[in-house]
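Have a look at the structure below before the remarks.
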Amino acid sequence: MIDVKFYMLVEGEDNLYLALYDTEKNLISSYSNLNQSKINNYIENLKNEEEFFISWEKEKKSEYLKLDKTLLEYLLEEEKFVNSDFERIIKKEIKNVPLLIRDNKEIEDRLDIYIEINDNLLTKKNVMDSYIYSQGVFYKIDIEKNTQFPLVDLFQKIDKYELESYGTLILKIIRI
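Each residue of the sequence shown is one higher than the one before, starting from 150 at the first, in the working numbering.
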(Lines of atoms letter the chains of each structure in order from A and count residues from 1; the text may use other names and numbers.)
(Lines give C-alpha, C1' and ligand atoms only; values in the text may rest on other atoms or scores of the structure.)
Protein backbone atom coordinates (compact mmCIF):
# COMPACT_ATOMS: atom_id res chain seq x y z
CA MET A 1 0.00 0.00 0.00
CA ILE A 2 1.23 3.46 -0.89
CA ASP A 3 0.91 5.98 1.93
CA VAL A 4 -0.31 9.37 0.70
CA LYS A 5 1.10 12.09 2.94
CA PHE A 6 0.07 15.17 0.94
CA TYR A 7 -2.65 16.04 -1.55
CA MET A 8 -1.18 18.98 -3.46
CA LEU A 9 -3.24 21.45 -5.47
CA VAL A 10 -1.65 22.21 -8.84
CA GLU A 11 -2.78 25.27 -10.78
CA GLY A 12 -2.72 24.38 -14.46
CA GLU A 13 -3.24 26.72 -17.39
CA ASP A 14 -6.86 25.69 -17.78
CA ASN A 15 -7.92 23.93 -14.55
CA LEU A 16 -7.07 22.97 -11.00
CA TYR A 17 -5.39 19.59 -10.57
CA LEU A 18 -4.29 17.31 -7.76
CA ALA A 19 -0.92 15.66 -7.22
CA LEU A 20 -0.25 13.02 -4.58
CA TYR A 21 2.97 12.96 -2.55
CA ASP A 22 4.41 10.37 -0.18
CA THR A 23 6.09 10.92 3.21
CA GLU A 24 9.42 11.91 1.57
CA LYS A 25 7.60 14.44 -0.65
CA ASN A 26 8.04 12.34 -3.79
CA LEU A 27 5.34 12.53 -6.45
CA ILE A 28 3.17 9.41 -6.54
CA SER A 29 2.64 8.50 -10.18
CA SER A 30 0.46 5.42 -9.74
CA TYR A 31 -3.05 5.80 -8.40
CA SER A 32 -3.53 2.11 -7.71
CA ASN A 33 -2.72 0.42 -4.42
CA LEU A 34 -3.12 3.60 -2.34
CA ASN A 35 -3.73 3.27 1.39
CA GLN A 36 -7.44 3.01 2.19
CA SER A 37 -9.32 6.25 2.81
CA LYS A 38 -12.41 7.96 1.45
CA ILE A 39 -10.28 10.25 -0.74
CA ASN A 40 -7.97 7.53 -2.05
CA ASN A 41 -10.86 5.20 -2.86
CA TYR A 42 -12.55 8.02 -4.78
CA ILE A 43 -9.30 8.75 -6.66
CA GLU A 44 -8.81 5.08 -7.58
CA ASN A 45 -12.38 4.84 -8.88
CA LEU A 46 -11.94 8.07 -10.84
CA LYS A 47 -8.73 6.82 -12.48
CA ASN A 48 -10.29 3.45 -13.31
CA GLU A 49 -13.24 5.19 -14.91
CA GLU A 50 -10.91 7.54 -16.80
CA GLU A 51 -8.87 4.64 -18.17
CA PHE A 52 -12.06 2.96 -19.36
CA PHE A 53 -13.20 6.04 -21.32
CA ILE A 54 -9.79 7.36 -22.42
CA SER A 55 -9.85 5.56 -25.76
CA TRP A 56 -13.11 7.25 -26.75
CA GLU A 57 -12.31 10.74 -25.57
CA LYS A 58 -8.67 10.85 -26.72
CA GLU A 59 -7.77 13.10 -23.79
CA LYS A 60 -4.12 13.83 -23.23
CA LYS A 61 -2.58 11.95 -20.34
CA SER A 62 -1.57 14.04 -17.36
CA GLU A 63 0.50 13.14 -14.34
CA TYR A 64 -2.04 15.10 -12.30
CA LEU A 65 -5.64 14.33 -11.52
CA LYS A 66 -8.24 16.90 -12.59
CA LEU A 67 -10.07 18.23 -9.54
CA ASP A 68 -13.85 17.83 -9.41
CA LYS A 69 -16.50 19.01 -6.94
CA THR A 70 -16.76 15.77 -4.94
CA LEU A 71 -13.00 15.36 -4.64
CA LEU A 72 -12.63 19.02 -3.60
CA GLU A 73 -15.21 18.65 -0.84
CA TYR A 74 -13.40 15.56 0.49
CA LEU A 75 -10.05 17.36 0.37
CA LEU A 76 -11.30 20.47 2.18
CA GLU A 77 -12.02 18.26 5.20
CA GLU A 78 -8.45 16.94 5.11
CA GLU A 79 -5.41 18.52 6.82
CA LYS A 80 -3.10 17.00 4.20
CA PHE A 81 -4.53 19.23 1.41
CA VAL A 82 -1.66 21.61 0.56
CA ASN A 83 -0.47 24.17 -1.98
CA SER A 84 2.81 23.97 -3.92
CA ASP A 85 4.75 25.15 -0.84
CA PHE A 86 3.26 22.30 1.24
CA GLU A 87 1.18 24.80 3.24
CA ARG A 88 -2.30 23.69 4.26
CA ILE A 89 -5.19 24.87 2.08
CA ILE A 90 -8.18 26.11 4.04
CA LYS A 91 -11.81 26.90 3.34
CA LYS A 92 -13.53 30.21 4.14
CA GLU A 93 -17.02 31.53 3.57
CA ILE A 94 -17.30 34.78 1.64
CA LYS A 95 -20.38 36.97 1.32
CA ASN A 96 -19.33 39.59 -1.24
CA VAL A 97 -17.48 38.98 -4.46
CA PRO A 98 -16.10 42.02 -6.26
CA LEU A 99 -16.37 41.80 -10.03
CA LEU A 100 -13.94 43.74 -12.14
CA ILE A 101 -14.97 44.71 -15.66
CA ARG A 102 -12.21 45.87 -17.98
CA ASP A 103 -11.96 46.87 -21.60
CA ASN A 104 -10.68 44.06 -23.77
CA LYS A 105 -7.24 44.94 -25.16
CA GLU A 106 -7.82 43.22 -28.50
CA ILE A 107 -11.41 44.18 -29.37
CA GLU A 108 -12.58 47.74 -28.76
CA ASP A 109 -16.28 47.04 -28.01
CA ARG A 110 -15.64 44.08 -25.69
CA LEU A 111 -15.36 43.80 -21.93
CA ASP A 112 -13.56 41.16 -19.86
CA ILE A 113 -14.99 40.14 -16.47
CA TYR A 114 -12.89 38.96 -13.53
CA ILE A 115 -13.41 38.25 -9.85
CA GLU A 116 -11.04 39.99 -7.47
CA ILE A 117 -10.08 38.51 -4.10
CA ASN A 118 -7.22 39.90 -2.00
CA ASP A 119 -6.01 42.08 -4.88
CA ASN A 120 -5.77 39.06 -7.21
CA LEU A 121 -7.63 38.94 -10.50
CA LEU A 122 -9.01 35.45 -10.89
CA THR A 123 -10.14 33.65 -14.00
CA LYS A 124 -12.52 30.76 -14.48
CA LYS A 125 -9.72 28.23 -13.91
CA ASN A 126 -9.84 29.25 -10.23
CA VAL A 127 -13.54 28.30 -9.94
CA MET A 128 -14.81 24.89 -8.89
CA ASP A 129 -18.58 24.73 -8.47
CA SER A 130 -19.33 27.31 -5.73
CA TYR A 131 -15.68 27.66 -4.62
CA ILE A 132 -13.05 30.14 -5.77
CA TYR A 133 -9.36 29.41 -5.13
CA SER A 134 -6.90 32.17 -4.30
CA GLN A 135 -3.57 32.00 -2.45
CA GLY A 136 -4.08 28.90 -0.34
CA VAL A 137 -7.77 29.47 0.39
CA PHE A 138 -10.91 28.07 -1.20
CA TYR A 139 -13.64 30.66 -0.74
CA LYS A 140 -17.17 29.26 -0.62
CA ILE A 141 -19.68 31.53 -2.33
CA ASP A 142 -23.30 31.40 -1.21
CA ILE A 143 -25.18 30.78 -4.46
CA GLU A 144 -28.95 30.49 -4.77
CA LYS A 145 -29.75 26.78 -4.81
CA ASN A 146 -32.38 27.06 -7.54
CA THR A 147 -30.32 29.10 -9.97
CA GLN A 148 -29.68 27.65 -13.41
CA PHE A 149 -26.40 29.52 -13.85
CA PRO A 150 -23.13 28.21 -12.37
CA LEU A 151 -20.56 30.56 -10.84
CA VAL A 152 -18.17 29.96 -13.72
CA ASP A 153 -20.67 31.77 -16.01
CA LEU A 154 -19.63 35.06 -14.42
CA PHE A 155 -16.41 34.96 -16.43
CA GLN A 156 -17.29 36.22 -19.85
CA LYS A 157 -16.06 38.36 -22.65
CA ILE A 158 -19.10 40.45 -23.49
CA ASP A 159 -19.89 43.28 -25.85
CA LYS A 160 -20.34 46.65 -24.17
CA TYR A 161 -24.01 46.80 -25.18
CA GLU A 162 -24.61 43.49 -23.28
CA LEU A 163 -23.53 44.92 -19.91
CA GLU A 164 -27.10 45.46 -18.66
CA SER A 165 -28.11 41.87 -19.51
CA TYR A 166 -24.95 40.62 -17.81
CA GLY A 167 -25.84 42.57 -14.66
CA THR A 168 -29.25 40.86 -14.60
CA LEU A 169 -27.56 37.45 -14.87
CA ILE A 170 -25.34 38.28 -11.89
CA LEU A 171 -28.36 39.22 -9.78
CA LYS A 172 -29.87 35.80 -10.53
CA ILE A 173 -26.68 33.94 -9.63
CA ILE A 174 -25.61 35.58 -6.39
CA ARG A 175 -27.79 36.78 -3.55
CA ILE A 176 -27.47 40.49 -2.94
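Every residue, glycine too, gets a C-beta built ideally from N, C-alpha and C.
Less than 8 Å divides the Cβ of I307 from the Cβ of L260. Relative to the Cα of I151, the nearest Cα in the group N164, L167, L165 and E193 belongs to E193.
Taking the CA atoms as reference points, Y315 sits about 20 Å from D278. If the five residues before and after D163 are omitted, its C-beta is found closer than 7 Å to the C-beta atoms of K274, all from its own chain and listed in chain order. With contacts defined by Cβ atoms closer than 8 Å, R237 and V231 form a contacting pair.
V153 places its beta carbon less than 8 Å from that of N184. Take I266, set aside five residues on each side of it, and the residues of its chain with a beta-carbon closer than 7 Å to its own are I281, S283 and Y288, in chain order.
DSSP places E160 inside the beta strand (DSSP E), whose first and last residues are F155 to E160.
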